[in-house]
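Asks:
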Amino acid sequence: MIAIRNQLQKDVFTPQEERLLGLLFVWKAGKKRKNCILCAAVSTDRPYQTSLVKFKKADKGSVYKQVTWWSFEDLLLVDGKNPNKEAPEFDLQFDKVYRWIASSSGEKNAFMSCLLKLNRRYLHNRIKFVNISAHILEESHRPQVEQRVCEPIEEEEEEEEVGVYQELTPKEAIDIEKLIEQFDQSISNAEAFAEKMTKDLHVLDEENIRSIIVSEKQVTEMMELIDMGLVEVNHIENTLQTYEELLQSVKEQMDHIHQSNYLLQVIDSNQQKLLEQVTFLVHMLNIAEEHQHALRNGDLSKPAGVQACIAAVEALNNCMNVKLLPGHRKMQSVAEQLIKCESLRQHFESRFIRHINNMFVLQGADQNITLTQESGDLILPNHRFYHEELLPYTPLMAWLKTSNPAIFTDLSKVYTDNIRKLYERQIKEFFDLVKFKLTGTKEGMRFRIQESFEKLTASTSNLQKSLFRPSFYEHLGSEADFADRGMMDRVRDGQDGEWSISTSCMQITDQVLAELEPMCIAEEEFITKFFMMNEDRSSETVQQEILGSRSDTLIVVNEDSSERIRICRSVAEQEDPALHSTRKMMSEIFSTLEADLKGFVNLCDKINPSNSLHLLVTVSQRALTVQDGGPCSFLKSTLGNILVQVKRNFDKCIYAFCKQIEEAKVPKKIRVVILPFVVEFDEFLNVAESIFKNTDRRGNLDKAYNKVIAAVFASVKNIASMNLKKPPDVVIMENFHHIFCCLSKMKIISLEDKKKEAYQQYTEHCNLYVTKYLGQPLEKLNNFFDGVKARISQGVKEDEVSYQLAFSKQELRKVIEKYQGKEVKKALENLYKKVTKHLSEEENLLQVVWRTMQGEFVRQYKEFEDMIARCYPGSGITMNFTVEDILQYFSDITKSN
257 MIAIRNQLQK
267 DVFTPQEERL
277 LGLLFVWKAG
287 KKRKNCILCA
297 AVSTDRPYQT
307 SLVKFKKADK
317 GSVYKQVTWW
327 SFEDLLLVDG
337 KNPNKEAPEF
347 DLQFDKVYRW
357 IASSSGEKNA
367 FMSCLLKLNR
377 RYLHNRIKFV
387 NISAHILEES
397 HRPQVEQRVC
407 EPIEEEEEEE
417 EVGVYQELTP
427 KEAIDIEKLI
437 EQFDQSISNA
447 EAFAEKMTKD
457 LHVLDEENIR
467 SIIVSEKQVT
477 EMMELIDMGL
487 VEVNHIENTL
497 QTYEELLQSV
507 KEQMDHIHQS
517 NYLLQVIDSN
527 QQKLLEQVTF
537 LVHMLNIAEE
547 HQHALRNGDL
557 SKPAGVQACI
567 AAVEALNNCM
577 NVKLLPGHRK
587 MQSVAEQLIK
597 CESLRQHFES
607 RFIRHINNMF
617 VLQGADQNIT
627 LTQESGDLIL
637 PNHRFYHEEL
647 LPYTPLMAWL
657 KTSNPAIFTD
667 LSKVYTDNIR
677 KLYERQIKEF
687 FDLVKFKLTG
697 TKEGMRFRIQ
707 ESFEKLTAST
717 SNLQKSLFRP
727 SFYEHLGSEA
737 DFADRGMMDR
747 VRDGQDGEWS
757 ISTSCMQITD
767 QVLAELEPMC
777 IAEEEFITKF
787 FMMNEDRSSE
797 TVQQEILGSR
807 SDTLIVVNED
817 SSERIRICRS
827 VAEQEDPALH
837 STRKMMSEIF
847 STLEADLKGF
857 VNLCDKINPS
867 NSLHLLVTVS
877 QRALTVQDGG
887 PCSFLKSTLG
897 NILVQVKRNF
907 DKCIYAFCKQ
917 IEEAKVPKKI
927 RVVILPFVVE
937 FDEFLNVAES
947 IFKNTDRRGN
957 LDKAYNKVIA
967 AVFASVKNIA
977 SMNLKKPPDV
987 VIMENFHHIF
997 CCLSKMKIIS
1007 LEDKKKEAYQ
1017 QYTEHCNLYV
1027 TKYLGQPLEK
1037 LNNFFDGVKA
1047 RISQGVKEDE
1057 VSYQLAFSKQ
1067 ELRKVIEKYQ
1077 GKEVKKALEN
1087 LYKKVTKHLS
1097 EEENLLQVVW
1107 RTMQGEFVRQ
1117 YKEFEDMIAR
1127 CYPGSGITMN
1137 FTVEDILQYF
1147 SDITKSN
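Per the numbering used here, the sequence shown starts with residue 257, numbered consecutively.
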């Protein structure tokens, strides 16, 4: 109980500046036992306030919570039930009677005694106590001084009753020691000693009685003094009782004064609080006259009027957002003021909506800003004036978004619908001028060109009809599809070749993207600021910080290629509703931009296939620039979609080029030199390297290289196998030599293996050609020594071959005599003419082939000499010409031609 008492004092009564005087565990009579605690407490400051508090234990833990509180002054009756028997029941009567059962009679009596003392001291016995035990009443009414005096007396009596034994004092111990010393510490007869001690004790007793009888008079006088003292004490007690009654009266008066002062303080405090509330309501709910005038009649078309309206709206917003207590709204003046504020809000809201709606409509219908087509400049109009005109209204839009989100959403749709018309008109004029600059056609020809392009897109067979470069443009239609034939020359800038770079198209592409980018970024920044997209973004970002700032990858698979185009996009951009709303609004404003860009991309691709290469690099760089430079989500998304279309066109172009190479055919009547598609491949490499140099799209180009060069290698061998006027080995040798030279000059890392393969093919077929056409210039000698080799292989020794009749020395001399130096030189001249006829001047391989043939002839000659030396030793048989003669023959033939 002491622990609970300390806990309640610390947790409950000390914070309330009260002292816990009594505590009792009880439960209600006649019901299921539910233990609770009754506590009697008094305040620590004057005027003293006494109270009874009921606690019960919380469901969990050892915490007690207050259930009921009564003021002690409201207690009317305390009923102890039975004054003659110890019983735990008792009743407390407030506005109704509470019947309790205490945990024990002793605890009940202690609590009743506490209540009696509180009643006597603080309420002057106003509470009626019935059926209370007499000793409880006597104990509670006993003066405090008497109680304090009786307590030590009772303690002394208790100490006397502890036991009979009492320890000797030091003086008594010394006397006993002296008595024993008289007998020299030797007592022979204890009985005699005890008898002597008894006699001495009787003598002392007699002397004491005589002295008492002698002092009887003094005792009588002392008793008289005691009686007089008792009379004086009684007189003093009566006087003190009188003083106590007077002090009690004074105390009651002082308590009454304190009570009155306390009530005055309460009244004063209430008045102060009331004044504060009235001042608060008047100050916070009052709107200045100038603000009311601005809300009713403020000029929203002038900057000063807009600023006044912004200040008035802020004041109105402060009034309407005041945190009022429930009782405040029941006050008539407060209710009227709130109605007035709401009326002002609705009136100004309707005025502002009409004004801003009219501004949106006027901006969308503005016809003043058009393209300067007469000057021929590709410049999109600047909307900065529109944005600067609307930005001052941003605070009012923020207020409208908070006060009426539905109207705010409708206004954003009105802005989107009207400004979209303006952008559609301007972008249409812009791309019409772009198409005019690209094709040279007038406005009326635009639909015919588009129709021919659509037919082309549906079928790519026309791209593969012919190998030759001039007819590659037949897919664009006849000359009648264009303004004149000179348009094609302007488009191609006077350069020949399928893969020539269209400088004008490149410039126009860069200019188109350079004009669209600032327009889209400026518009997105404006709507983000004007329609408070950043506020939505910040609130959502707090909820999604667990996603961090890591980036994800959006993978778009090309339908015509297995390659994947990766466009980096942050997770916050994919999942943030604010960014999604911004992108959606921008998509509605620029609803035709993506389609126009795709049409422009397709037009560039139809004009010149090499434009798809430049567009792939340019659009990719723009997409990365926008991604790194700022949060323009719409432009990133649009350029990403356009990049997919450009990549498709690039893949189609490479596919068509490879298909054209694979299906290439050369008429048999035409003397083939370097195959046309090999020359086109050379041009393709030059154009692609100039476009893709130092770009991040190198991977796409390397893959295209591998596809194209694989088609070139296969087609070269395929065409060489046809029945042409040139030997197949010459066709393969010259074309692969051309490819090898081209790759060596370009130094493309991804084609190093192909360069080695081209060189290998060139060398291999060069040797095959030499072996085939040089053949055996000394044919009969070759046949003779072939027979010699056959005999040796059959087991005939080399030095015994001359004994064979068919291979005797005479037969060898006859064969050698047939090959004189003049005949050999004449045969070599005929061979040189044949090689000159086979080889082309473009590749300049005649000297290389001729030197190879020279080496092969010398090798055969030395082989013959070696066979003569081994099989006919000492015969003195020699050729009619020497190695030096052979070298001189080849040199003379080369110089003469």
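Every residue gets a Cβ at the ideal spot worked out from N, C-alpha and C, and that includes glycine.
1) I'd like to know if the stretch 596 to 608 and the stretch 635 to 643 are in contact, where contact means that at least 3 CB-CB pairs between them fall below 8 Å.
2) Give me, in chain order, the residues of the same chain whose beta-carbon lies closer than 7 Å to that of Lys313; leave out the 5 immediate sequence neighbours on both sides.
3) Could you say which of Val578, Glu428 and Lys1065 lies nearest to Phe1040 if we only look at CA atoms?
4) Closer than 7 Å by C-beta to Ile258: which residues in its own chain qualify, once you throw out the five before and the five after it? Chain order, please.
5) What span of residues does the beta strand (DSSP E) with Thr1179 cover, start to end?
6) Would the stretch 263 to 281 count as touching the stretch 292 to 310 if we require 3 or more Cβ pairs under 8 Å?
7) Check whether the Cβ atoms of Glu329 and Lys337 sit closer than 9 Å, and answer yes or no.
8) By the three-class DSSP mapping on this structure, what secondary structure does Ser1096 have?
9) Within a Cβ cutoff of 6 Å, which residues of the same chain sit near Leu1095, ignoring the five residues on either side of it in sequence?
10) Between the alpha carbons of Arg302 and Val268, how many angstroms are there, rounded?
11) For the stretch 904 to 955, which segments carrying the alpha helix (DSSP H) assignment without a break, of at least 4 residues, lie completely within its bounds, in sequence order?
12) In this structure, how does DSSP classify Ser299 when only helix, strand and coil are distinguished?
13) Quickly, what does DSSP pair Asp335 with across the bridge? List them, please.
14) Since Tyr649 contacts Val569 with CB under 8 Å, what's their CB separation in whole angstroms?
15) Tell me whether Gln272 is buried or exposed, calling it buried when 16 or more other Cβ atoms sit within 10 Å of its Cβ.
16) Using 8 Å as the Cβ pair cut-off and three pairs as the minimum, do the stretch 835 to 853 and the stretch 770 to 779 touch?
17) Given a threshold of 16 other Cβ atoms within 10 Å of its Cβ, counted over all protein chains shown, does Trp655 qualify as buried or as exposed?
18) In the DSSP assignment, the beta strand (DSSP E) including Glu274 goes from what residue to what residue?
19) Does the count of Cβ pairs from the stretch 949 to 962 and the stretch 1052 to 1071 closer than 8 Å reach three?
20) Quick check on the DSSP output: the alpha helix (DSSP H) that includes Arg676 runs from which residue to which?
21) Closest to Glu781 by CA distance: which of Met841, Arg1047, Val282 and Val1057 is it?
22) Can you give the Cα-Cα distance for Glu415 and Ser467, rounded to whole angstroms?
23) Answer yes or no: do Ile947 and Ser1006 have a C-beta to C-beta separation smaller than 9 Å?
24) Could you check what DSSP says for Gln322 in three-state terms: helix, strand or coil?
25) Starting from the C-beta of Glu342, find all residues in its chain whose C-beta is less than 7 Å away, skip the five residues before and the five after it, and write them out in chain order.
26) Skipping 5 residues on each side, what residues in its chain have a beta carbon closer than 8 Å to that of Glu850?
27) Quick check: what's the CA-CA separation for Met510 versus Gln593?
28) Is the number of C-beta pairs between the stretch 985 to 996 and the stretch 1017 to 1030 that are closer than 8 Å three or more?
29) So what's Gln263 in DSSP terms, helix, strand or just coil?
30) Going by DSSP, what residues sit across from Val309 in a beta bridge?
31) May I ask you to list the residues that DSSP assigns as paired with Ile357?
32) Alpha carbon to alpha carbon, how far is Asp461 from Ala366?
33) Put Tyr1145 into one of helix, strand or coil per three-state DSSP.
34) Assuming Pro271 is part of the alpha helix (DSSP H), what are its boundary residues?
35) On the three-state DSSP scale, how would you describe Tyr1128?
36) Rounded to a whole number of angstroms, what is the C-alpha to C-alpha distance between Ile609 and Leu634?
Replies: In short, the structure shows the following:
1) no
2) Tyr320
3) Lys1065
4) none
5) No information on residue 1179 is available, as it lies outside the stretch 257 to 1153 that the chain covers here.
6) yes
7) no
8) DSSP, reduced to helix, strand and coil, places Ser1096 outside both helices and strands of the structure shown, so it counts as coil.
9) Leu1101 and Leu1102
10) Near 19 Å, if we compare the C-alpha coordinates of Val268 and Arg302.
11) 932 to 948
12) Judged by DSSP in its simplified three-state form, Ser299 adopts strand.
13) Asp347 and Val386
14) Between Val569 and Tyr649 the Cβ distance is about 11 Å, and since that is not below 8 Å, they are no contact.
15) exposed
16) yes
17) Burial state of Trp655 is buried, judged by a 10 Å Cβ sphere holding 16 or more other Cβ atoms.
18) According to the DSSP assignment, Glu274 belongs to the beta strand (DSSP E) that extends over Glu274 to Lys284.
19) no
20) Pro661 to Thr695
21) Met841
22) Confidence is the limiting factor: at Glu415 the pLDDT is only 41, short of 50, which leaves the residue's position unreliable and the question unanswerable from this model.
23) no
24) strand
25) Ser361
26) Thr894, Asn897 and Ile898
27) 48 Å
28) yes
29) helix
30) Beta-bridge pairing links Val309 to Cys295 and Trp325.
31) BP columns for Ile357 point to Trp283 and Glu345.
32) Answer to the nearest angstrom: the Cα atoms are 52 Å apart.
33) Here Tyr1145 sits in helix by DSSP.
34) First-last for Pro271: undefined, no H or E at that position.
35) coil
36) 37 Å
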